[in-house]
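Undergrad: Heads up: the sequence shown at position 233 corresponds to 232 in numbering that gives the first Met the number 0, and the numbers run straight through without jumps.
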Amino acid sequence: MRFLPIIVLLTCAAFAADVSFEGTLEADYGNYLEKDFKVNNAANHDLRIQMNVDMDENVRAIVGAASKSLVPGSGEYSRIRHRDEAAPIDSDRWTPFEFDGISLEWTVSRDLTFIFGDLFYSFGSFNYYYWRNADYYAAVLTTQGMRGVGVKFGDEGYVYVGASNENNKSGRVALSYAIPIPGINQVNNKFTIAPMLDFIKGGGRDHRYTFGIDANYSRSYTELNYAIRAVYGIHPRSDSYVNTFTLEPSFNYKSFSLASTCYWALLSDADSDVPITIEDTYSSDEKLIYVEPSYSFNKKFSMGLGFEWHKPEEDDWFLIAPTGYIYPTAGMDLSLWISYAITEGHNNPGFGISSSVKF
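Listed below in structure tokens is the structure:
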């Protein structure tokens, strides 16, 4: 009976307005061999569905729902292609659909939209596959939420003001805008700089503000294209500051491409009065280097060879990951991968398949 009001609402909405659905699904299966050849199986998923109710061509109501797999015993969501925080293959790995926000949008013009409701944003999310979900990792700020009002300026920026979801005493202001650089930003030569400020008042977080800059430059020729992205973030921590730097160069020539991510967080010495640790950042590494050359045989299949170096606060580790990418149709891709993690004292081979679907 608890689903009856939802069914009634959806039925009424269907007759009153145009209703459409869109969403994303990420799912994977992995088999990891741990120390002494102990098998660790994983089956993770992250499914998000958005219902759009268009009252007319300018006014829309949006309702979100999500289902994610859980790490047993912790209550935390598992993470796609993550050996240490994955859901085992058992009957408790699935979660029911949960409410994932509601908002009303009024598009006044092509570049101006007013929003009321649940607002979500992040800044400095990584392009690298292992960290691309900003709910868990980001160079500057992971996914934040508030209930309030906002203004979106096309795809270039936003201003949000509202009640923070940190606690019932907090308020939050967030703003960002991608600024095209005159004289450089052209048809085949793009250069934008996007500053961001996130301010919270009333507690619920150990720093009151976060500031970041995301600079993107790209150049396109007939057969050669290249881009470089630089991200900087800072937020206070006691009497010091947390600084993070990210560089993501990439290029492709005909069927060959190269992608990379370089991340570095400035941490303090362990003997400092108030040490700055990884816990004060939005990543699980102090330093990271990822490089993946790949070759596209055709529009449906490509091969890549990923090299990674991870440096947490203690022992660093390496990963080699040959990967085959399959693109059955638009909006869907499959990744068949083999991984070999080199850690202190033992090595961890693994294999699996990951999928990503947009509909």
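Built from N, CA and C at the ideal position, the CB exists for glycine as well.
1. Could you tell me whether the Cβ atoms of Val148 and Phe122 are closer together than 7 Å?
2. Answer yes or no: do Asp110 and Gly153 have a C-beta to C-beta separation smaller than 7 Å?
3. Can you give me the Cβ contacts of Ser354 inside the same chain, cut-off strictly under 6 Å, excluding the 5 residues immediately before and after it?
4. Three-state secondary structure (DSSP) at Glu104?
5. Check Lys34 in the structure and name its three-state DSSP category.
6. Measuring CB atoms only, is the segment 160-176 touching the segment 190-203, in the sense that at least three cross pairs come out at less than 8 Å?
7. If contact is defined by three or more beta carbon pairs under 8 Å, each pair taking one atom from either stretch, is the segment 274-284 in contact with the segment 292-300?
8. Could you work out which residue in Gln49, Glu56, Glu247 and Phe210 is closest to Ile101 when comparing CA atoms only?
9. With DSSP collapsed to three states, give me the class of Asp279.
10. Buried or exposed for Leu118, please, with buried defined as at least 16 other CB atoms from any protein chain shown within 10 angstroms of its CB.
11. Round the Cβ separation of Asp53 and Arg47 to the nearest angstrom and send it over; I've been treating them as touching at under 8 Å.
12. Return the first residue and the last residue of the beta strand (DSSP E) that Lys298 is part of.
13. Among the residues of its own chain, which have a CB less than 7 Å from the CB of Gly349, if the five just before and after it don't count?
14. Could you please give the first and the last residue of the uninterrupted beta strand (DSSP E) stretch that includes Leu377?
15. Can you list, in chain order, the residues of its chain whose CB lies under 6 Å from that of Val139, leaving out five sequence neighbours each side?
16. Determine the direct distance from the alpha carbon of Phe190 to that of Asn184, and round the result to whole angstroms.
17. If we ignore side chains and look at the alpha-carbon of each, how far apart do Ser239 and Gly74 end up?
18. Measuring straight from C-alpha to C-alpha, what distance separates Leu78 and Gly72?
19. State yes or no: is the C-beta of His44 within less than 7 Å of the C-beta of Ser19?
20. Determine the contact status of Asp99 and Gly63, defining contact as a CB-CB distance below 7 Å.
21. Once the 5 residues before and after Lys168 are set aside, which same chain residues still bring their CB inside 7 Å of it?
TA: Per the coordinate set shown:
1. no
2. yes
3. Hits under 6 Å: Ala26 and Leu333.
4. strand
5. helix
6. Yes, since at least three Cβ pairs between the segment 160-176 and the segment 190-203 fall closer than 8 Å, the two stretches touch.
7. no
8. Gln49
9. helix
10. buried
11. Not quite, the Cβ-Cβ distance comes to about 20 Å (not below 8 Å), so this is no contact.
12. Note, Lys298: premise wrong, no beta strand (DSSP E); not H, not E.
13. Gly29, Asn30, Tyr31, Leu32, Arg82 and Ser338
14. Nothing can be reported for residue 377: it is not among the residues displayed for the chain, which extend from 0 to 358.
15. Phe122, Gly123, Gly211 and Gly232
16. 5 Å
17. 33 Å
18. The residue asked about is misnamed: residue 78 is Arg in this sequence, not Leu. So the two alpha carbons sit approximately 15 Å from each other.
19. no
20. yes
21. Gly201 and Gly202
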